[in-house]
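Visitor:
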Amino acid sequence: MTRASKRKSDDQNSEPIKRNCVDPVRSASNKATTKVQERIDKIYTKYANESSSVIDPEGIEALCSDLKVNYADVKILMLAWKMDAQKQGYFTLDEWRRGFKTLKVDTIAKLKKKLPELEKEVLKSENFDDFYRFGFRYCLTEDKQKCLDIETSCVLLELILKFCYQSQVDSFIKFLKVSDNYHI
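The numbering of the sequence shown is the numbering used here, which starts it at -19 and goes up by one.
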């Protein structure tokens, strides 16, 4: 056998051996990841509507009750921001998983502990613009909608900005309520 053909046959013989090797560290990591995802999915199932398999407004109210947070609290909007939720009042399984992984939580108790940290995170200047834009987009309920009505705008401004700029928000909301001609 020539030298080149010997190498080729050696490579072919060694290939199956490499495929059968299992990295125990990666295998344990994959198992842990699977268990975390199972816990996240189990929590999702608790709140999801059985017929649509989506967490709807009733499920969000139940979640808020378990978190001991008012459903109109800005923390729920912050949670939706972390999930990158696309439709107001609804969470899909993918959004739920994304949010829980981003927050590094897998139980309701851990999520409850993370909520105060979310407020601090939003107040950072590098995150606030993104959160504000998300809040605006999240309130657009119709396809191709570009503006919010005055009432929705006032609620959104109060929710997002009031904890930072209370007096300015109050004055601006009064102005908007008097001025019916504007859309935001």
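Idealized CB from N, CA, C, for every residue including glycine. Here the structure is a predicted model, which is why all the values come from computation and not from measurement.
With burial defined as no fewer than 16 other Cβ atoms inside 10 Å of the residue's Cβ, what is the status of Ser33: buried or exposed?
Guide: Reading the sequence shown from its first residue, position 53 is the one you call residue 33. Exposed, because fewer than 16 other Cβ atoms sit within 10 Å of the Cβ of Ser33.
Visitor: For Phe143, which of helix, strand or coil comes out of DSSP?
Guide: Translated into the one-based positions of the sequence shown, residue 143 becomes position 163. In the structure shown, Phe143 sits in coil (DSSP, three-state: anything other than H, G, I, E or B).
Visitor: Compare the beta carbon distance of Ile20 and Ile88 with 8 Å and say whether it is the shorter of the two.
Guide: Indexing the sequence shown from 1 puts residue 20 at position 40. Indexing the sequence shown from 1 puts residue 88 at position 108. Contact: no.
Visitor: Alpha carbon to alpha carbon, what distance is there between Glu122 and Asp129?
Guide: On the sequence shown, position 149 is the one that residue 129 refers to. On the sequence shown, position 142 is the one that residue 122 refers to. Going from the Cα of Asp129 to the Cα of Glu122 covers about 12 Å.
Visitor: Looking at C-alpha atoms only, which residue of Ile153, Thr13 and Val54 is the closest neighbour of Val85?
Guide: Counted from its first residue, the sequence shown places residue 85 at position 105. The option with the nearest alpha carbon to Val85 is Thr13.
Visitor: Considering just the uninterrupted stretch of the alpha helix (DSSP H) at Asn50, what are its terminal residues?
Guide: For this step, residue 50 is matched to residue 70 along the sequence shown. Premise fails: Asn50 is in no alpha helix (DSSP H) and is neither H nor E.
Visitor: May I have a chain-ordered list of the alpha helix (DSSP H) segments no shorter than 4 residues that lie completely inside the stretch 105 to 129?
Guide: 105 to 119
Visitor: Excluding sequence positions up to five away, which residues of its chain have a Cβ less than 6 Å from the Cβ of Val16?
Guide: Here residue 16 refers to the residue found at position 36 when the sequence shown is read from its first residue. These residues qualify, in order along the chain: Asp86.
Visitor: Would you say Glu54 and Leu139 are within 8 Å of each other, going by their C-beta atoms?
Guide: For the purposes of this step, residue 54 is taken as the residue at position 74 of the sequence shown. For the purposes of this step, residue 139 is taken as the residue at position 159 of the sequence shown. For the sequence presented, residue 54 should be read as Val rather than Glu. Cβ distance < 8 Å, so Val54 and Leu139 count as in contact.
Visitor: Can you grab the Cα-Cα spacing for the pair Glu18 / Thr132, in whole Å?
Guide: The residue given as residue 18 occupies position 38 in the sequence shown. The residue given as residue 132 occupies position 152 in the sequence shown. Distance between the alpha carbons of Glu18 and Thr132 is about 37 Å.
Visitor: One question on the structure: do Gly79 and Lys62 come within less than 8 Å of each other, judged by their Cβ atoms?
Guide: The residue labelled residue 79 in the question sits at position 99 within the sequence shown. The residue labelled residue 62 in the question sits at position 82 within the sequence shown. Yes, Cβ-Cβ distance for Gly79 and Lys62 is below 8 Å.
Visitor: Per the DSSP calculation, Phe71 is bridged to which residue(s)?
Guide: For this step, residue 71 is matched to residue 91 along the sequence shown. Phe71 pairs with Ile35.
Visitor: Note down, in chain order, each residue of its chain lying with its Cβ closer than 8 Å to the Cβ of Lys126, except the 5 sequence neighbours on either side.
Guide: By 1-based counting over the sequence shown, the position of residue 126 is 146. Closer than 8 Å at the Cβ level, and outside the excluded window around Lys126, lie Leu120.
Visitor: How far does the alpha helix (DSSP H) with Glu101 in it reach, from first residue to last?
Guide: Within the sequence shown, the letter at position 121 stands for residue 101. Segment Ile88 to Leu103, the alpha helix (DSSP H) holding Glu101.
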